[in-house]
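Residue numbers (our numbering), protein chains in the order written: chain D, 1 to 560; chain F, 1 to 315.
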Amino acid sequence: MRSGMNRRSFLSTAATVAGAAAMAPLLSACGGGSTKKAGANTREGLKAALPTYAPNAGAVKPDMVPVRGGSDAATDPGFLSYPAAPPTSVSGVPGKGGSYTAVTPLWGTAPPVGNSFYQALNKVLGVELSMKPADGINYNTIVPTMTAAEKLPDWINLPSWWNSNFNTGGLVGSQLADLTPYLSGDNVKKYPNLAALPTGAWQNGVWGDKLYGIPCFSTSFGVPGATFYRRDVLEARGITADQVTSADDLMNLGKELTDAKRGVWAFDDVWVYLQTAWNVPMNWRIDNGKLVHMFETQEFLEAVDWHYRLATSGCMHPDALAGDVANGSTRFYSGKTLIAGGGLGAWNLSDHQSGIAADQNYRRGAFNAVSADGRSTPVVYMGAAASMISYLNASLKPAQIEELLAVANYLAAPYGTAEYTLISFGVEGVHHTRVNGVPTFTEEGKKDVQATTFPFLAAPASVISNPGGEQVTRDYTSWAAANVRFLTKPPFWGMNFSMPQALATAAAAPNVNDTLKDCYHGKKKVSDVQDAIASWRSGPGGRLKQWMTDNVLDKYGTGQ
Amino acid sequence: MSTAAPERPAGHTRLNWRIRLRRDKSLLLMTVPAVVLLLVFNYVPLFGIVTAFQEYDPLVGVWHSEWVGFDQFQQLFGDPAFWAALKNTLYLSFVQLVLFFPVPIALALLLNSVLSERIRNFFQSVVYLPHFFSWVLAVTIFQQMLGGAGVLNQFLRQHDIGTWDIMTNPHTFALLVTSQAVWKEAGWGIIVFLAALSAINSELYEAAAADGAGRVRRMWHITLPGLRGVIVLMLVLRLGNALSVGFEQFLIQRDAVGHEAADVLDTFSFYYGISTGGYSYGAAAGLFKSVVSLLLIWGANRLAHAFGEDGLYRK
């Protein structure tokens, strides 16, 4: 049981759905591609379009306050308990009685149409908002049929990793409403809960210097993942995470922990989130004003080489080497593996509960960011500050847009407020009851409220809260606080640009990535990866780089 | 088709089609749903072939995608990964033909010789069962038993015998997938041969036994000739499908042995076409496969006719 939807719980859902896209950092920064579209943003234009940030004074005080890192980086606040008497954040009824339709993706079972939760929420919102959740797994094919017929609903969520499928860059302005006049600069102050969303998150809704999208589940701690370890097992052997300060330390630790006869191997797959230890760029790097792809760097080859050695060292679980990803968490819970890379979405209450079920001492920990040589400053590349973006229909009248933005303001009420409690848990006594102070779903609540719908239209910035698993919140927030200073924006961070289909295929570089995977599973040598890269560079890779240089770097810079 | 089919009546004048229509009305009606399904799911989607000659963009649809002629094929034939996938497909198909094809025949003969009804039913149930497992389950069972951390290797490891790399060795992958296929599908494959066996006139056996023919002679002179038509038919179908060696089985184990050993034409279309958004490229690879398959099945059928067998249809 989690307390409402936050960014991390969303990521854990999305990771299973987005699958390859979530696992391949290569694709994540490339906005996507299609035919006609709005361009990226200029520095001044972006600045003018973005709303002014104003923290929410009425928000519940967190137990762990956010720790600031570099620009736009901060940890999410942590809460150990749920407020007994939730304060009110929005006064009055936001709506004026308008009727609207909304479409959001849904990964799970759809709540019944016109259920008591929808009714209760519509009543307090003062609008007739008819929710039409659509199957999340096929969402990328459902939306294009609506756009082709120009029949978008009044309000829709368009996850940014599908921007190329949706042709979002071509829809803004023609089918999606320009919100710049309503939200840019100080205009946003009319909607204080929206003004409290981090600026970096709004950036994902800006196309061609105009603001179109409202970010959901925004965060200033866009860290995609980490290298996890079994804290209970390691500490029982007197090993603490801070003893690992280099890649060699990690390898030696692995050798010490592996006991194949007992069926224990230290490592599961770690490549995806460990490669930054070698300072491998997240897709691109700028050297002397020129674009360099990660495949072209020496750091990349060094990282691959270490992982090849790891795969052949006998410290990696054979099933992991056999590419069995699906059972990775089972291996981790049962202590068959002790060190595993993974998305941060995994570090939450349900993970804690699954782990405890397998081993009652279970405790997840994450290694601090390290540099491979143990001397340089570690780097953690920031992911998007929001990837679930909602848009309004361009055919809405200004008064209607204002009405829906007021509704969005209500939906973005911060953690622990009365509004948040209603949106996340429904009506007390009907959809949830308090069990030891923790809002807990009733059967009706599980049916009507648990599936995320309204928060996909607008939601407050994410928080860390695991009621019933305070240890998880403490562990997570202290790890985040220790690592936030290493957060670094990769080039083109938060930039919306779209590339043609053929180049999106080039960016996916299937042959290089296949060979790479074979290499970090010990089946191919580093030289094979080099060969694959060489042939990629001479063909699609070269075209990709040229396009990025001509259409993004030279026109708009790196967005930093 | 089957050996039990009656001989075609010689010199029989054909009835007027109208009379035949009236006579077979209910039979024809019964075939309508199957024909409709075939049309909707097999013939209508054929239209999608045009995407192989386009730079297909799902956003603008088939009608408005750019026409590129044979560009996709040109790129395809210049792609070493494609030739590697084709080579793998042919090699796996050959290995399966040699090692898999005879197994159901042998099993059917064996089963046919078992007289006890109970043992026969039990045996049949056991060998049919794996057919109903999904490939995910089948591969998981193999991984649990023979994988690097599986039952066998853990036993070997604990007794310091040294491990045996079965599941992740690209060099023996063809044998692995064939043995998986035998385990999963051979039992199911015997059904058609059992049907053919039951159609052999038992009086022939009695007459042969009365003439003093032993088991081996009876098998050689009665059983095998009786099965020949079905065996040739299955062989023709198998050859026609030579380029379809399976999809899920390879998809699931691709990471275990690496893409070079596991990529067959179908997974190639998937990985290098669909999953990277290069739909037209995948369609081109698929079309190539279909054309070659058509030629193969045509050739195999001709060969069957040349040997005086029915093949797919009677000449």
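Cβ coordinates follow ideal geometry from the N, Cα and C atoms, glycine included.
Less than 8 Å between CB atoms is the rule here; does residue i satisfy it with respect to chain F?
i: Leu-321 (chain D); result: yes
i: Asp-359 (chain D); result: no
i: Asn-252 (chain D); result: no
i: Pro-192 (chain D); result: no
i: Asp-514 (chain D); result: yes
i: Leu-26 (chain D); result: Confidence is the limiting factor: at Leu-26 (chain D) the pLDDT is only 32, short of 50, which leaves the residue's position unreliable, though a coordinate-based value still follows. Closer than 8 Å: no.
i: His-317 (chain D); result: yes
i: Gly-314 (chain D); result: no
i: Met-548 (chain D); result: no
For residue i and residue j, which I take to be in contact (beta-carbon distance under 8 Å), what is that distance rounded to the nearest angstrom?
i: Gly-541 (chain D); j: Phe-295 (chain D); result: 7 Å
i: Ala-358 (chain D); j: Tyr-391 (chain D); result: Wrong, their Cβ atoms sit about 42 Å apart, outside the cutoff.
i: Leu-125 (chain D); j: Val-407 (chain D); result: 5 Å
i: Asp-562 (chain D); j: Thr-199 (chain D); result: The shown model of chain D, from 1 to 560, leaves out residue 562 (chain D), and the question about it has no answer.
i: Thr-473 (chain D); j: Ala-366 (chain D); result: At roughly 14 Å, the Cβ-Cβ gap does not stay under 8 Å, so Thr-473 (chain D) and Ala-366 (chain D) are not in contact.
i: Ile-166 (chain F); j: Leu-156 (chain F); result: Actually they are not in contact, since the Cβ atoms of Ile-166 (chain F) and Leu-156 (chain F) sit about 11 Å apart, beyond 8 Å.
Any beta carbon of chain D sitting closer than 8 Å to that of residue i?
i: His-171 (chain F); result: no
i: Asp-255 (chain F); result: yes
i: His-221 (chain F); result: no
i: Gln-143 (chain F); result: yes
i: Arg-157 (chain F); result: yes
i: Ala-149 (chain F); result: yes
i: Pro-9 (chain F); result: Residue placement at Pro-9 (chain F) is poorly supported in this model, since its pLDDT is 49, which falls under 50; the coordinates still yield a value, given next. Closer than 8 Å: no.
i: Leu-308 (chain F); result: Residue 308 (chain F) is actually Gly in this sequence, not Leu. Closer than 8 Å: no.
i: Thr-267 (chain F); result: no
i: Tyr-272 (chain F); result: yes
i: Ala-195 (chain F); result: no
i: Gln-74 (chain F); result: no
On the DSSP letters alone, give me the boundaries of the beta strand (DSSP E) that residue i sits inside.
i: Gly-365 (chain D); result: 364–366
i: Cys-216 (chain D); result: 213–216
i: Phe-142 (chain F); result: It is not in any beta strand (DSSP E) - Phe-142 (chain F) instead sits in the alpha helix (DSSP H) that spans 135–146.
i: Leu-291 (chain D); result: 290–293
i: Thr-101 (chain D); result: 99–106
i: Glu-128 (chain D); result: 128–135
i: Val-90 (chain D); result: Unbroken run through Val-90 (chain D): none, as it is neither H nor E.
i: Thr-440 (chain D); result: 438–441
Who pairs with residue i in a beta bridge, going by DSSP?
i: Leu-176 (chain D); result: D:Val-172 and D:Asn-393
i: Arg-237 (chain D); result: For Arg-237 (chain D), which the question treats as bridged, DSSP gives no partner whatsoever.
i: Leu-158 (chain D); result: D:Ile-389
i: Val-380 (chain D); result: D:Leu-487
i: Asp-259 (chain D); result: D:Val-264
i: Ala-74 (chain D); result: D:Arg-68
i: Thr-337 (chain D); result: D:Trp-265
i: Gln-546 (chain D); result: The partner list for Gln-546 (chain D) (beta bridge, DSSP) is empty, contrary to what the question assumes.
According to DSSP, simplified to helix, strand and coil, what is residue i?
i: Trp-284 (chain D); result: strand
i: Val-98 (chain F); result: helix
i: Gly-561 (chain D); result: Coverage of chain D is limited to positions 1 through 560, which leaves residue 561 (chain D) absent and any answer about it impossible.
i: Ala-504 (chain D); result: helix
i: Lys-25 (chain F); result: helix
i: Thr-453 (chain D); result: coil
i: Phe-425 (chain D); result: helix
i: Lys-64 (chain D); result: A quick correction: the sequence has Met, not Lys, at residue 64 (chain D). Of the three classes helix, strand and coil, the one that applies to Met-64 (chain D) here is strand, per DSSP.
i: Lys-210 (chain D); result: strand
i: Met-30 (chain F); result: helix
i: Met-167 (chain F); result: coil
i: Thr-558 (chain D); result: coil
i: Tyr-313 (chain F); result: coil
i: Thr-433 (chain D); result: strand
i: Ser-465 (chain D); result: strand
i: Met-495 (chain D); result: coil
i: Gly-185 (chain D); result: strand
i: Pro-144 (chain D); result: helix
i: Glu-66 (chain F); result: strand
i: Gln-298 (chain D); result: helix
Provide the residue span of the alpha helix (DSSP H) that contains residue i, from first to last.
i: Trp-479 (chain D); result: 470–483
i: Gly-230 (chain D); result: A small fix is needed here, since residue 230 (chain D) is Arg in this sequence, not Gly. No alpha helix (DSSP H) contains Arg-230 (chain D), which is instead part of the beta strand (DSSP E) from 225–230.
i: Ala-266 (chain D); result: Where Ala-266 (chain D) is concerned, there is no enclosing alpha helix (DSSP H), although the beta strand (DSSP E) it sits in stretches over 265–267.
At a Cβ threshold of 8 Å, is residue i touching chain A?
i: His-259 (chain F); result: No chain A appears in this structure, whose protein chains are D and F.
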